[in-house]
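What follows is a set of notes on a single structure, which appears directly below.
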Amino acid sequence: MKKFLTPKILVPVLGIIILLGGALYILLAPNSWWKPFYIRVEDQAAVATIQPQGDVSVQQATTTQTVQPQSAQPVGYFEGRQPLGIMYALDPKVVNLAEPGGLRYLKATITLELWPLEDFSSFEEEERTTAEEEFLETIDDRRPKIDDIITSLLSSKTFNDIATIEGKEQLKEELATAINDSLGYQGVVNIYFTDFVIQ
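See below:
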């Protein structure tokens, strides 16, 4: 009687079992667990394709349109205000992401576009410069609170939350809302990531 557990049989069988186990772990384990890489499945219901109905010749001439969710206006957008807000650059932030084991980190440099409480666009150059400096001094007084809000919000995110463009846009909206709540008015109209690295 031959031995069934010879190395010629045992090694390939163990290799197949290990590969299948790894694949099942990556596919079925929750995304809150550490994985060597993450698989993301897009929901196709979010993007629908519309084709016009009617005359065949019209259908051939008309192109297919894709319906995308409409993006909201930036928080605090005001009609008739100055063409650009005041840019306020923050120091780079390096935070651990909310991943199991803290194996990933994010380095982000953020610039806020702010609207002052009053419209400076009608001021003369010197008067506008003085008003902008006074406004930035009031923001500087709140800088520790703004830094804390940003650090807390960034470190609460996982890789999957911010790895996509949609995730970054959602993060911008959350940051703007949190900072505006802190300022007491809709002062942040846009947030720019001048550096955004996930390691």
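The sequence shown runs 1 to 199 under my numbering. Even for Gly, the Cβ is constructed at its ideal location relative to N, Cα and C. Please read all numbers here as calculations on a predicted model, not as lab measurements.
- Counting only runs that start and end inside the region 108-160, the alpha helix (DSSP H) elements of at least 4 residues fall at 125-141, 143-155.
- The DSSP-derived three-state label of aspartate 195 is strand.
- Judged by DSSP secondary structure, tyrosine 88 falls within the beta strand (DSSP E) whose first and last residues are 86-89.
- Three or more beta-carbon pairs separated by less than 8 Å are not found between the region 159-170 and the region 127-145, which leaves the two stretches without contact.
- In the assembly as shown, valine 94 is an exposed residue. Its beta-carbon has fewer than 16 other beta-carbons within 10 Å.
- Within the DSSP bridge table, the entry for lysine 93 names Ala108 as partners.
- If you draw a straight line from the Cα of leucine 112 to the Cα of phenylalanine 159, it is about 23 Å long.
- Glycine 184 has its alpha-carbon roughly 19 Å from the corresponding atom of serine 152.
- The shortest CA-to-CA distance from alanine 89 to any of Thr109, Ile149, Lys8 is the one to Thr109.
- C-alpha of isoleucine 191 to C-alpha of leucine 19: approximately 44 Å in a straight line.
- For tyrosine 25, the enclosing alpha helix (DSSP H) stretches over residues 7-28.
- In the DSSP secondary-structure assignment, valine 188 is bridged to Leu114.
- Between the alpha carbons of aspartate 148 and glutamate 124 lies a distance of about 36 Å.
- Proximity to isoleucine 165 across Asn180, Leu117, Phe196 peaks at Phe196, based on C-alpha coordinates.
- Listed in chain order, the non-local C-beta contacts of leucine 154 below 7 Å within the same chain comprise Lys93, Val95, Leu106, Ala108, local neighbours out to five positions each way being set aside.
- With distances taken between CA atoms, leucine 103 lies nearest to Trp34 out of Leu14, Ile17, Trp34.
- By the neighbour-count definition (other C-beta atoms within 10 Å, threshold 16), lysine 145 is an exposed residue.
- Inclusion of leucine 175 and isoleucine 150 in the CB contact set at 8 Å is warranted, their separation being smaller than that value.
- Secondary structure of glutamate 174 (DSSP, three-state): helix.
- In the displayed model, leucine 103 falls within coil according to three-state DSSP, outside both helix and strand.
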